[in-house]
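Take a look at the structure set out below.
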Amino acid sequence: QTQGADCISVPMRHVFLFIGAAPNTEWLRACNVETDAKGFVLTGYEAHRSCTERADFTLETSVPGVFAIGDVRSGSTKRVAAAVGEGAAVVAQIHRYLADLQPVALAVRM
51 QTQGADCISV PMRHVFLFIG AAPNTEWLRA CNVETDAKGF VLTGYEAHRS
101 CTERADFTLE TSVPGVFAIG DVRSGSTKRV AAAVGEGAAV VAQIHRYLAD
151 LQPVALAVRM
């Protein structure tokens, strides 16, 4: 009810309240992972504005090879089903990232 408005009752079985969330991402700053003003992790275009070759990695953060999904991601739909879908989608992106890596020779001391 608002001031001056009529009060009505509506029968219902459930009420869902979405209050919001505060991401726990401060520790990522030491790893150079960029966040938005609220602390949510930037991914995809937002994280790679100057690098068009990374455009296909929509769930990759500003650090190549580091991916973010779910509620912690800036602009994500804060729902379980969306996070599950992103979890399935990120697997293909990780596989592609790993496949594109160049082999590195390691020196082994015997």
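Residue 111 in the numbering used here sits at position 61 of the sequence shown; the count goes up by one each step and never skips.
Note that the Cβ used here is the ideal one computed from N, Cα and C, for glycine as well.
Predicted, not measured: the structure shown is a model, and the values here were computed from it.
Boundaries (first-last residue) of the alpha helix (DSSP H) holding residue i
i	result
R146	130-150
8 Å Cβ cutoff met for residue i and residue j
i	j	result
L78	S124	no
L109	V83	no
V122	F90	yes
A118	T127	no
G94	F107	yes
In DSSP terms, what residue i is bridged to
i	result
T85	V91
E110	F117
R123	V91
Alpha-carbon to alpha-carbon, residue j and residue i
i	j	result
Y147	P153	13 Å
V113	L151	14 Å
T75	T85	8 Å
M62	F68	17 Å
P16	A80	Any question about residue 16 goes unanswered here, given that the chain covers just 51 to 160.
- request: Determine contact between the stretch 94-102 and the stretch 128-147, defined as no fewer than three beta-carbon pairs at a distance below 8 Å.
  value: no
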